[in-house]
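Chains as they are written, first to last, in the numbering used here: chain A, 47 to 391; chain B, 47 to 391.
The following block contains the structure:
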């Protein structure tokens, strides 16, 4: 199908990952200019590289223009120019929620460029975060930890996950894995999806499956609202002040989607006033979360620095997925995890 | 089998629980002197009642002597006298780990008195505590929470439960449930039991099953050591300084058994020096944990006030178990959850 396939890797990977890519096929050449790429701040960091000056910009432009395939987008500052480089055929991203970024930078207009996401790679660590948060609030753990800090011992009765009603908005691989784990602990899970499209609850490991159009009827029933939806224009502002008001006071909000899905000011108000029980938030409208955000100090809020999805083994998994896709690509077979432009995920 | 069966309830229950007991059979009479019993400090509190003075003591003695069946032991101050009251035939306890208490007060010497425990009732909430703790340490959550308190945002890579090696000491209903949940998240679970006795790992939801005599060989392999063993003379001091030294520095200790199972001073030293990664402790040698205990302030320790097993729905479950046992008792059938005096559980 192809004479040469030039892959430009724009994010930090280990030597073994480069070797794994190259080993897929002799037609593959892998470009990785390590000095352009910031060292990872933590294992499997996928910071888009900054550009220090004109010389670096020129090097990046030359590099990106030469790519048949990009492993991650490269510098955000050049993302608008990606659609103009005609050699580009495929971008493998290191994140799942990249639809909005790709749309904004015009990449979805290129019908001859396919984007594949890291969808699925983050499902388990995100589902573990949700499980942890749900058990923590069931055990009133933030209060227990405050007691620990003042050396105060007070026995109490918590509550089990069994019987809790959890609404999981978004039932892709992440939402389905969240649902599966919550149901192992006998929670009652309501999957909330854009459109049911003939799927059954069991298809997404839920007890019930409803369309997002029916969300308002679901909210008053919830002990836990999990936001695991992709960030698209449809989901921005989905959980607005009115919908927050529909949640019962016992409800906990867990956001592993994007900050824009929630009206943060309304959520902070509801949490501060006790109209909501608590929240575990991994994502925020502005990241890093500004130092004056009310979330930091709310005693019923867990602030996680957008790392719930990140595990040290992540790069291994994404590279494994990419190598599998490379084999498909060279064989002219359909790729896994293709971003659907009409859905943005 | 019996003309009348007089049940004396010595711990706080709700009216509906008393009604459920009485409804089992017309031969049953239920005594519950509410003014002798301290109000619960939290739902399903099972504090042994204190005795305020001689008048209360006399009332308790008369009450306990009149019992065919006790629902919980009654005042600790009178526990030594229980074996002398010949009418007593059966004690249903509200806890699982009561063997040592029963032995110390001479109750095991009465071959005509059966003790049934609440074994199994606490399995799920305890297993949820373990799961929560394991995910928390995987996500370095205590550090993340310290960052939250100083409004500091720092992304990082955690680790998944998948692939962690967890040793679960004690594979009764609690240990088995811990093992089952950890394996749902693809941990590798090594069950450690008094004697394997022909059981397979699958019998206790583990990947491997070894005798406690082989514990030393297991410890260096562990990412997580879960103590879920009953408190017996055999397990006191089981995790001593030498064995703590056999754990690798990445190991986390979760104690949901009894404080006496661990050498607390050695554990605190190992945690303070970083020779161990962390600990989640629900039980302590002295409870309430003294204000000057080093555990309170260690940044890698979660102190839980012996409440990991306690959920609001607990009394419903124990009473349900008791009512089932009442039916068996009146029908002359074997009871569930009989304490085996030779094992103390």
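A virtual CB, placed ideally from N, CA and C, is assigned to each residue, including glycine.
Here the structure is a predicted model, which is why all the values come from computation and not from measurement.
With a beta-carbon spacing of about 24 Å, residue 140 of chain A and residue 179 of chain A fall beyond the 8 Å limit used to define contacts.
In the three-state reduction of the DSSP assignment, residue 132 of chain B falls in the coil class. For residue 274 of chain B, the secondary structure class from DSSP, reduced to helix, strand or coil, is coil. Taking a C-beta distance under 9 Å as the contact criterion, residue 250 of chain A and residue 239 of chain A qualify as a contact pair. At the C-beta level, residue 219 of chain A and residue 387 of chain A stay beyond 9 Å of one another.
By the C-beta density criterion, residue 389 of chain A is exposed, having fewer than 16 other C-beta atoms within 10 angstroms. Three or more beta-carbon pairs separated by less than 8 Å link the stretch 170–177 of chain B to the stretch 350–358 of chain B, which places the two stretches in contact. A buried status is given to residue 274 of chain A, since no fewer than 16 other beta-carbon atoms sit within 10 Å of its beta-carbon. For residue 259 of chain B, the number of other beta carbons within 10 angstroms of its own is below 16, and it is reported as exposed. Residue 121 of chain B is not a Cβ neighbour of residue 156 of chain B, given a cutoff of 9 Å. A distance of 9 Å or more separates the beta carbons of residue 147 of chain B and residue 169 of chain B.
Distance between residue 305 of chain B and residue 266 of chain B, taken at the CA atoms: about 22 Å. In the three-state scheme derived from DSSP, where H, G and I count as helix and E and B as strand, residue 194 of chain B is classed as helix. The C-beta of residue 181 of chain A comes closer than 9 Å to at least one C-beta of chain B.
A straight-line Cα-Cα distance of about 22 Å links residue 81 of chain B and residue 364 of chain B.
In the three-state DSSP reduction, residue 374 of chain B falls in the helix class (H, G or I).
The residue among A:127, A:310, A:119, A:203 with its C-alpha nearest the C-alpha of residue 333 of chain A is A:310. Identification of chain A residues near residue 170 of chain B by a Cβ-Cβ cut-off of 7 Å yields 206, 208, ordered along the chain.
Around the beta carbon of residue 87 of chain B, fewer than 16 other beta carbons lie within 10 angstroms, which makes this residue exposed.
In the three-state reduction of the DSSP assignment, residue 94 of chain A falls in the coil class. Under the Cβ criterion (8 Å, minimum of three pairs), the stretch 64–84 of chain B does not count as touching the stretch 379–386 of chain B. In the three-state DSSP reduction, residue 234 of chain B falls in the strand class (E or B). Non-local beta-carbon contacts of residue 71 of chain A in its own chain, meaning distances under 6 Å to residues more than five positions away in sequence, involve 376 in chain order. Chain A places a beta carbon closer than 9 Å to that of residue 359 of chain B, counting this residue as a contact.
Here the alpha carbon of residue 162 of chain A sits roughly 5 Å from the alpha carbon of residue 138 of chain A.
Chain A has a Cβ within less than 9 Å of the Cβ of residue 194 of chain B. Across the structure, residue 246 of chain B and residue 213 of chain A are spaced so that their CA atoms are roughly 38 Å apart.
Judged by their CB atoms, residue 326 of chain A and residue 344 of chain A are not nearer to each other than the 9 Å cut-off.
The C-beta of residue 178 of chain A comes closer than 9 Å to at least one C-beta of chain B. Under the 9 Å criterion on CB atoms, residue 175 of chain B is classed as interfacial with respect to chain A. In its chain, beyond the 5 residues on either side, 275, 307 have a beta carbon closer than 6 Å to the beta carbon of residue 281 of chain A. Inclusion of residue 298 of chain B and residue 324 of chain B in the CB contact set at 9 Å is warranted, their separation being smaller than that value. Beyond the five residues adjoining it in sequence on each side, residue 331 of chain B comes within less than 7 Å, by CB distance, of 305, 306, 310 in the same chain, given in chain order. With its beta carbon at least 9 Å from every one in chain A, residue 331 of chain B lies outside the interface. Shown here, residue 52 of chain B sits in a strand according to DSSP, grouped into three states. DSSP places residue 102 of chain A in the uninterrupted alpha helix (DSSP H) bounded by 100–111.
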